[in-house]
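Chemist:
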Amino acid sequence: MQIHRFKEHFAGYMFILPSLIGFTAFMLYPIIYSIFLSLMDWNMYQGFGGSTFVGLDNYLEVFKNEYFMGGLINNIKLLVFAVPILLMLALTLAHLLNSQVFGKGALRTVYFLPYITTITATAIVFAALFHEELGPVNGFLRSIGIENAPRWLGSVEWSLPTISIFWVWRNLGYCILIFLAGLQAISPSYYEAAEIDGASGIQKFFRITMPLVSPITFFLAVTMAIFSFSMFAEVKVMTEGGPGTSSYTIVYHIYKEAFERYDMGYASAASIIFFIIILAITTIQWLGQKKWVNY
Amino acid sequence: MNNTLHGKPMVWKLINTVLLALISIIMIAPVLWMVSTSLKFESEVFNFPIQWIPESVTWDNYQKAFTEFPYLNWYFNTIRNTAIIVFSILLVSSMAGFAFAKIQFKGKNLIFIAYIASLMIPGEMRLIPQFMLYKELGLINTTWAVVLPWMLFVAFAIFLMKQAFTAVPDELIEAAKIDGCGYFKMYAVITLPLVKSTLVALGILSFTWGWNDYTAPLIYIQDIQKQVLTVGIASFKAQYASNYALQMAGATMALVPVILVYLIAQKYFTEGIAQSGIKG
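Quick note, the sequences are listed as chains X and S, same order.
Heads up: the first sequence begins at 72 in the numbering used here, then just goes up one per residue.
Heads up: the second sequence begins at 13 in the numbering used here, then just goes up one per residue.
1. Using only alpha-carbon positions, find the residue among S/Trp71, S/Val268, S/Ser247, S/Val166 that is nearest to X/Pro89.
2. Should X/Asn129 go down as buried or exposed, given a rule of 16 or more other Cβ atoms within 10 Å for buried?
3. Using a Cβ-Cβ cut-off of less than 8 Å, list which residues of the region 145-179 of chain X approach chain S; keep chain order.
4. For X/Met115, which of helix, strand or coil comes out of DSSP?
5. Any Cβ of chain S within less than 9 Å of the Cβ of X/Pro185?
6. Is the CB-CB distance between S/Ile285 and X/Ile249 below 9 Å?
7. Assuming X/Leu224 and X/Thr310 form a contact by the criterion Cβ under 8 Å, report the distance between their Cβ atoms to the nearest whole angstrom.
8. Could you tell me whether the Cβ atoms of S/Asn59 and S/Lys238 are closer together than 9 Å?
9. For the region 108-115 of chain S against the region 77-93 of chain X, are there 3 or more C-beta pairs whose distance is under 8 Å?
10. Please list, in chain order, the chain X residues whose beta carbon lies closer than 8 Å to that of S/Ile91.
11. Quick check on the burial criterion: 16 or more other C-beta atoms within 10 angstroms. Buried or exposed for S/Asp235?
12. Any Cβ of chain X within less than 9 Å of the Cβ of S/Ile96?
13. Terminal residues of the continuous alpha helix (DSSP H) containing X/Tyr333?
14. Once the 5 residues before and after X/Phe183 are set aside, which same chain residues still bring their CB inside 8 Å of it?
15. With a CB to CB cut of under 8 Å and the five nearest residues on each side skipped, what residues in its chain are close to S/Val43?
16. Going by CA-CA distance only, name the one from S/Tyr252, S/Asp182, S/Ile40, S/Ala213 that's closest to S/Met198.
17. Using a beta-carbon distance cut-off of less than 9 Å, what residues from the region 29-49 of chain S approach chain X?
18. Mind listing the chain S neighbours of X/Leu200? Cutoff is C-beta to C-beta under 7 Å, in chain order.
19. Using a Cβ cut-off of 9 Å (strictly closer), state whether S/Gln259 contacts chain X.
20. Which bits of chain S does X/Val181 rub up against, with CB to CB less than 8 Å?
21. Check the Cβ-Cβ distances between S/Ala111 and every residue of chain X, and say whether any is below 9 Å.
22. If I'm right that X/Leu110 touches X/Val125 with Cβ under 8 Å, what's the distance once you round it to whole angstroms?
23. Which runs of the alpha helix (DSSP H) fall wholly inside the region 58-89 of chain S and span at least 4 residues, in chain order?
24. Alpha carbon to alpha carbon, how far is X/Tyr261 from X/Asp268? Give it in angstroms, no decimals.
25. On the criterion of 16 or more Cβ atoms from any shown chain inside 10 Å, does X/His166 qualify as buried, or is it exposed?
26. Helix, strand or coil, according to DSSP, for X/Ser214 in the structure here?
27. Please list the residues of the region 181-197 of chain S that have a C-beta atom closer than 7 Å to any C-beta atom in chain X, keeping them in chain order.
28. Name the residues in the region 200-232 of chain S whose C-beta lies less than 8 Å from a C-beta of chain X; which are they?
29. Report the option in X/Ile321, X/Ser105, X/Phe330, X/Ile349 whose CA atom is closest to the CA atom of X/Thr294.
30. Might you give, ordered along the chain, the residues of its own chain that have their beta carbon closer than 7 Å to the beta carbon of S/Ile27, omitting 5 neighbours on each side?
31. Would you grab the beta carbon distance between X/Leu158 and X/Thr320 for me? Rounded to a whole angstrom, and I think it's under 8 Å.
32. Check whether chain X comes within 9 Å of S/Pro141, counting only Cβ atoms and requiring the distance to be less than that.
33. Under DSSP, the alpha helix (DSSP H) around X/Pro101 begins and ends at which residues?
34. Tell me where the alpha helix (DSSP H) around S/Phe124 begins and ends.
35. From which residue to which residue does the alpha helix (DSSP H) around S/Ile185 run?
36. Report all residues from its chain with a CB closer than 8 Å to the CB of S/Val98; omit the five preceding and five following residues, and keep chain order.
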């Protein structure tokens with residue numbers, strides 16, 4: 072019996088061994104090493120010997136850095152504007168897709184398609200579509216009589232909104248799909264009862280659909296909040312953070328500091344602050360799941 | 013829902029369909045514009061109104077992508093990386109998932125909780141220490157730098173596989189044990205075929221992860237010959253900023269494989285995605 076037990080334990084460890092190595096090397100070690108680096112004025116060329124311990128100096132510097140603060144403000148703008156717009160569009164479209172419609176399958180296929188596309192490929196497509204002088208979007212706006220069309224990626228006011236349009240386009244399908252799964256789980260009897268009571272379509276949407284999908288809305292809000300905070304590829308490909316710092320994000324700032332200026336100590340401190348923000352969002356999810364969600 | 017009302021449902025159904033179809037055109041338009049532009053001469057790219065079907069078709073842009081850039085290398089590297097990533101995610105996470113679901117061993121729950129907790133760690137936070145690690149190990153500029161983290165540890169995939177194996181009845185495992193069947197055989201021969209649909213869904217998700225991986229190759233691969241498509245086509249924009257037809261040809265060729273896989277296997281895609289949503 073003892074041998075049998077030992078064999079079972081041993082087998083268990085053997086089966087998880089590769090993932091345990093991966094967990095240690097690519098999760099545990101990086102976290103600990105990040106914390107260590109964030110406390111150092113790290114010299115990339117001389118390594119440990121040429122580096123000095125600076126305590127929390129890097130963290131203080133992060134909050135004083137205008138690029139970081141600019142990125143943080145942009146991330147907050149994305150959170151406040153892009154995420155709610157994305158969720159509202161997704162819920163509306165999911166609701167329409169869930170009602171009586173021809174060609175449901177084909178429509179769903181099309182809506183979901185952007186989500187699987189390679190970011191860099193579609194980012195350069197959007198950059199061309201929104202080209203300030205020649206792009207088809209402004210061509211269209213001019214054709215309907217708008218003379219001062221926005222300069223999109225070329226302007227300080229519009230660069231972040233343009234990136235957000237691309238971001239919403241790409242993530243809409245995912246949110247629709249998750250909402251659809253939630254809507255399909257709502258029992259038709261609620262709607263039937265409401266119809267007997269003479270409820271209108273809009274009433275049904277606000278009184279039945281919205282409350283019943285609120286757990287899903289909440290899940291998506293948190294997922295997309297984290298997603299928007301991690302925005303990087305879109306910025307790198309479409310604007311390089313510009314013009315000026317108008318489309319900087321936190322992760323783009325970390326990337327610049329770490330891999331263009333090789334300021335690893337500072338960048339590590341910034342990435343830990345980034346992690347704490349993400350953790351705060353996740354904690355809100357945990358706590359909020361009970362409070363804000365009406366079943 | 014409106015079935016009970018007379019006359020109305022048909023009209024609503026039509027209005028709904030038209031509305032959704034119009035919006036779906038906006039969703040697909042960028043992709044169609046990309047394909048159509050890639051076949052145009054540069055001088056005709058921005059003609060307005062948009063010519064969706066090019067007046068004169070040219071394959072020059074495609075040819076140029078291969079001659080001006082190491083596009084064939086990028087293609088090959090992307091396919092190789094994606095193949096390695098898909099295969100190892102399936103193997104490693106199904107093994108771990110099997111162990112977590114069907115084998116009793118010390119510390120199992122603790123390790124699983126640690127794995128799940130790691131889902132909260134943003135990948136961006138790991139880039140810097142990973143870069144330093146790769147530098148120490150001399151892995152910068154090698155494929156390993158890109159594929160190793162995917163090969164060894166994808167927490168979400170392990171979670172998905174654990175769920176699938178949990179659904180396999182314990183009686184099957186017990187019966188196999190009585191027959192003297194070893195754990196490896198139990199995993200590979202008895203239970204693996206039973207979680208086939210999860211494997212397919214995960215395989216397809218992994219394909220998109222591998223194919224669309226951008227940040228890691230951007231940072232860890234500096235030699236343009238060793239680069240992958242995602243980073244390569246972004247460099248089109250930097251080098252040929254005003255050659256849009258060329259950029260679109262590069263983008264089209266990078267997108268075609270993912271879109272094809274999606275169209276063929278979309279049922280599994282949506283299943284995998286829906287499962288990812290349920291975790292919330």
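Ideal placement from N, C-alpha and C gives every residue a C-beta, glycine not left out.
Modeler: This is what the structure gives:
1. S/Val166
2. buried
3. Leu164, Leu167, Leu168, Ser170, Gln171, Val172, Phe173, Gly174, Leu178, Arg179
4. coil
5. yes
6. yes
7. 6 Å
8. no
9. yes
10. None at all; the shortest Cβ gap to chain X is about 14 Å.
11. exposed
12. no
13. No alpha helix (DSSP H) holds X/Tyr333; DSSP gives it neither H nor E.
14. Gly244, Tyr245, Ile247, Leu248
15. Leu267, Ile271
16. S/Asp182
17. Thr29, Leu31, Leu32, Ala33, Ile35, Ser36, Ile37, Ile38, Met39, Ile40, Ala41, Pro42, Val43, Trp45, Met46, Thr49
18. Pro42, Trp45
19. yes
20. Ser36, Met39, Ile40
21. yes
22. 7 Å
23. 72-80
24. 11 Å
25. buried
26. helix
27. Tyr195
28. Thr220, Trp223, Asn224, Tyr226, Thr227, Leu230, Ile231
29. X/Ile349
30. none
31. With 8 Å as the limit, X/Leu158 and X/Thr320 do not qualify as a contact, their Cβ atoms being about 20 Å apart.
32. yes
33. 100-109
34. 120-129
35. 182-190
36. Gly215, Ser218, Phe219, Gly222
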